[in-house]
Amino acid sequence: GGLFHYMPQGHKLEKISSEDIRKSLSQAALGQPWVAEAAIDIIICAVYERATSKYGQRGIRYTDIEVGHAAENIHLQAVALGLSSVPIGAFRDEAVSKILFLPEDERPLYIIPVGYKK
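Counting in full-length UniProt numbering, the sequence shown runs from 1 upward without gaps.
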């Protein structure tokens, strides 16, 4: 277990910490219990500057659309594997950023708890 960062270069996970962050992440998500109870929590983050530097303010929209597509695919794959997932957008951004050790320009946009159905 622990905290991992997806590295698109090489399609691998980089371990950031061995600490179980689910309880603190749940607190940052306004106490939503399924964040703490899930087998895993996938947090989708973005650096808006990557898109706005090329597309101006419209880059924010493009980023949000792509994040939605990624989240949809996570939910579809969860169903295909017989798992449950839930999209969460209600959380304290600053608290989640701190828990994840995010750089200043990176923003958490979605928390997706994934686990076995009860």
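The C-beta atom is built at its ideal place from N, Cα and C for all residues, glycine as well.
Quick one: grab the DSSP three-state call for residue i.
{"i": "ARG107", "result": "strand"}
{"i": "HIS75", "result": "helix"}
{"i": "SER18", "result": "coil"}
{"i": "ALA80", "result": "helix"}
{"i": "HIS69", "result": "helix"}
{"i": "PRO33", "result": "helix"}
{"i": "GLY59", "result": "helix"}
{"i": "VAL114", "result": "strand"}
{"i": "ALA39", "result": "coil"}
{"i": "LEU25", "result": "helix"}
Pick from the options: whose alpha carbon is nearest that of residue i?
{"i": "GLU72", "options": "SER85, LYS54, ARG61", "result": "SER85"}
{"i": "ARG92", "options": "VAL79, TYR110, ALA78", "result": "TYR110"}
{"i": "HIS75", "options": "GLY56, PRO87, ILE44, GLY10", "result": "PRO87"}
{"i": "GLY1", "options": "HIS11, SER18, ALA78, ILE44", "result": "SER18"}
{"i": "ILE44", "options": "HIS69, GLN77, GLY10", "result": "HIS69"}
Who are the near neighbours of residue i in its chain, counting only those whose CB is closer than 7 Å to its CB and skipping five residues on each side?
{"i": "TYR6", "result": "LEU13"}
{"i": "ILE99", "result": "ILE21, SER24, LEU25, ALA28"}
{"i": "THR63", "result": "ALA46, TYR48, ALA51"}
{"i": "GLY89", "result": "TYR110"}
{"i": "GLN9", "result": "none"}
Hey, residue i and residue j are a contact pair by Cβ (cut 8 Å); roughly how many whole angstroms apart?
{"i": "ILE16", "j": "VAL114", "result": "Not really, about 19 Å apart at Cβ, beyond 8 Å."}
{"i": "VAL47", "j": "GLU94", "result": "Between GLU94 and VAL47 the Cβ distance is about 16 Å, and since that is not below 8 Å, they are no contact."}
{"i": "TYR116", "j": "ALA36", "result": "In fact, because the Cβ distance is near 15 Å, the residues do not count as touching under 8 Å."}
Excluding the five sequence neighbours on either side, which residues of its own chain have a C-beta within less than 6 Å of the C-beta of residue i, listed in chain order?
{"i": "VAL96", "result": "ALA28, PRO108"}
Quick check on residue i - is its C-beta less than 8 Å from some C-beta in chain B?
{"i": "LEU100", "result": "This model lacks chain B altogether; it includes just one protein chain."}
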